[in-house]
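Number 285 in UniProt numbering belongs to position 285 of the sequence shown; there are no gaps in the numbering.
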Amino acid sequence: MMSKSKEFFQNLFKPFKFNSDKDWRNGDDLQKIAQQEQKHFPFEILVAATNNFSHHQKLGEGGFGPVYRGKLDDGREIAVKKLSHSSNQGKKEFENEARLLAQVQHRNVVNLLGYCVHGQEKLLVYEYITNESPDKILFKSNRKWELDWMRRYEIISGVARGLLYLHEDSHNRIIHRDIKAGNILLDDKWIPKIADFGMARLFPEDQTHVNTRVAGTNGYMAPEYVMNGHLSAKADVFSFGVVVLELISGQRNSSFNLDVNAHSLLDWAYKLYKKGKSMEFMDPVLASSAVPEQLASCIQIGLLCTQGDPHIRPDMSRVVILQSKRPGSLEEPTRPAVPGTRYRRSRRPLGFSSTTATSSLSDSHSSGSIFNTNTASASTSALASPVRSDPHGKCSVQS
Ligand SMILES: Nc1ncnc2c1ncn2[C@@H]1O[C@H](COP(=O)(O)OP(=O)(O)OP(=O)(O)O)[C@@H](O)[C@H]1O
Ligand SMILES: [Mg+2]
């Protein structure tokens with residue numbers, strides 16, 4: 001019989017043991033290992049995993065293309081996003097970006113496992129996240145009650161930490177550009193994960209798809225971004241603030257139609273806050289689970305984040321600190337932004353072009369990378385042509 005210690009040592013080295021010397025020389029295996037390192041998925045593997053992108057496997061379709069559920073041979077569940085109107089970004093650039101984004105790892109950010117380029121097709125492979133997004137639960141079902149206050153509070157805290165990581169701590173500083181309730185996925189323990197980060201890097205817009213470009217989602221975009229195309233981390237803070245107020249009220253900002261004297265969800269939150277009646281802003285479903293102090297400070301944070309002037313909005317590190325403070329000790333929010341009425345500049349210098357987005361990759365720590373997205377798109381929409389939305393609520397641009 002094997003002694004306990006011998007067994008222990010054998011087990012210890014098991015993962016490193018190859019079946020035979022032949023395996024070491026096997027080129028296929030080495031290639032597999034190399035591919036894993038590079039986060040590259042062969043197309044055939046994704047075809048097999050998704051049953052040839054069968055419509056039964058389709059999870060949905062957003063502004064970038066369809067998403068399919070799949071299962072790898074090793075049992076891992078995946079979500080494969082087929083990028084449809086892919087940009088002019090070359091194969092190498094796309095691969096570089098995707099490889100960098102696959103290094104982004106945080107408890108509150110969806111894990112990008114890898115990518116695939118197959119002819120003209122570009123695909124992204126994510127870990128599969130079991131539960132739906134708060135957007136579906138709150139706005140598209142009668143299951144609102146599943147998100148009690150504790151869960152909503154955890155979503156707010158988790159998304160704040162995930163966004164802080166993207167803005168400040170990740171390998172390459174990342175502005176999301178499309179923070180919304182639909183881009184938060186909940187795992188089996190209701191832990192929120194930010195989805196679709198880095199799309200701004202993968203879609204550095206260009207003249208060729210000026211008609212279909214994706215520039216954010218209506219109802220969540222900061223006014224300075226809509227009006228001037230100025231994208232910064234503070235634009236994400238604004239979108240985060242909208243998500244916070246949506247989670248608390250159970251109302252969608254873009255289709256706000258309550259019979260109250262307010263122009264928008266944000267305006268309604270502010271008016272109630274000023275009258276000291278913030279509790280009336282709460283989703284009635286939360287009545288039995290809400291913790292009034294937490295609720296009050298979250299409303300105030302939501303209002304601070306959606307202020308018109310990006311300079312006075314807190315950054316995400318401040319938001320995380322504010323969450324642990326008592327509502328009475330938070331700063332006073334100013335009136336929330338009404339897109340289109342503030343911070344309109346007559347003209348933005350055209351030299352501030354989208355090409356910075358593609359070139360900033362290698363210099364990921366430069367301050368330029370934080371503005372790594374297309375600053376031209378929304379500004380063009382504001383100055384030269386009307387903003388219109390596509391079926392996915394995207395803000396598109398007409399050339
Ligand atoms: N990693 C994932 N795990 C589970 N479901 C996912 C994953 N990624 C996306 N989905 C689901 O696939 C569907 C389509 O997602 P997609 O991101 O394309 O659309 P969207 O979020 O509505 O729009 P957007 O283009 O603005 O992100 C959504 O229902 C989403 O919840
Ligand atoms: Mg999405």
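We put the beta carbon where it would ideally sit given N, CA and C, even for glycine. Just so we're clear, the structure is a prediction, and the values are computed from it rather than from any experiment.
Under the criterion of a Cβ to heavy atom distance below 6 Å, does residue i qualify as lining ligand 2?
| i | result |
| --- | --- |
| residue 62 | yes |
| residue 195 | yes |
Using the C-alpha atoms, what's the distance from residue j back to residue i?
| i | j | result |
| --- | --- | --- |
| residue 91 | residue 175 | 22 Å |
| residue 198 | residue 238 | 18 Å |
| residue 403 | residue 265 | Past the edges of the chain, shown from 1 to 399, lies residue 403, and the structure says nothing about it. |
| residue 131 | residue 193 | 11 Å |
| residue 311 | residue 53 | 45 Å |
| residue 230 | residue 224 | 6 Å |
| residue 315 | residue 60 | 32 Å |
| residue 46 | residue 133 | 24 Å |
| residue 190 | residue 154 | 8 Å |
| residue 324 | residue 234 | 21 Å |
| residue 201 | residue 102 | 13 Å |
| residue 296 | residue 62 | 33 Å |
| residue 136 | residue 220 | 16 Å |
| residue 218 | residue 42 | 36 Å |
| residue 157 | residue 187 | 15 Å |
| residue 49 | residue 129 | 16 Å |
| residue 282 | residue 100 | 40 Å |
| residue 84 | residue 273 | 43 Å |
| residue 298 | residue 244 | 7 Å |
| residue 484 | residue 163 | The shown model of the chain, from 1 to 399, leaves out residue 484, and the question about it has no answer. |
| residue 149 | residue 327 | 17 Å |
| residue 216 | residue 227 | 13 Å |
| residue 151 | residue 65 | 30 Å |
| residue 290 | residue 79 | 34 Å |
| residue 196 | residue 333 | 30 Å |
| residue 247 | residue 138 | 8 Å |
| residue 329 | residue 293 | 12 Å |
| residue 76 | residue 260 | 48 Å |
| residue 267 | residue 120 | 45 Å |
| residue 70 | residue 44 | 13 Å |
| residue 251 | residue 322 | 23 Å |
| residue 335 | residue 270 | 7 Å |
According to DSSP, is residue i part of a helix, a strand, or is it coil?
| i | result |
| --- | --- |
| residue 69 | strand |
| residue 142 | coil |
| residue 79 | strand |
| residue 194 | strand |
| residue 303 | helix |
| residue 284 | helix |
| residue 251 | coil |
| residue 327 | helix |
| residue 275 | coil |
| residue 219 | coil |
| residue 62 | strand |
| residue 42 | coil |
| residue 106 | strand |
| residue 292 | helix |
| residue 231 | coil |
| residue 199 | helix |
| residue 310 | helix |
For a cutoff of 7 Å on Cβ pairs, would you count residue i as touching chain C?
| i | result |
| --- | --- |
| residue 134 | No chain C appears in this structure, which consists of one protein chain only. |
Would you please state the rounded distance, in angstroms, between the beta carbons of residue i and residue j? I believe it to be under 8 Å.
| i | j | result |
| --- | --- | --- |
| residue 108 | residue 126 | Not really, about 14 Å apart at Cβ, beyond 8 Å. |
| residue 58 | residue 115 | Their Cβ separation, rounded to whole angstroms, is 19 Å, which puts residue 58 and residue 115 out of contact at 8 Å. |
| residue 285 | residue 144 | 5 Å |
| residue 262 | residue 307 | Not a contact, Cβ separation roughly 16 Å. |
| residue 123 | residue 82 | 5 Å |
| residue 173 | residue 320 | That pair is no contact at about 16 Å. |
Is residue i near ligand 1, going by C-beta to nearest heavy atom under 6 Å?
| i | result |
| --- | --- |
| residue 182 | yes |
| residue 59 | yes |
| residue 129 | yes |
| residue 126 | yes |
| residue 110 | yes |
| residue 133 | yes |
| residue 188 | no |
| residue 178 | yes |
| residue 79 | yes |
| residue 67 | yes |
_Which runs of the alpha helix (DSSP H) at least 4 residues long sit entirely within the stretch 109-184? Give them in chain order._
134-139 and 149-164
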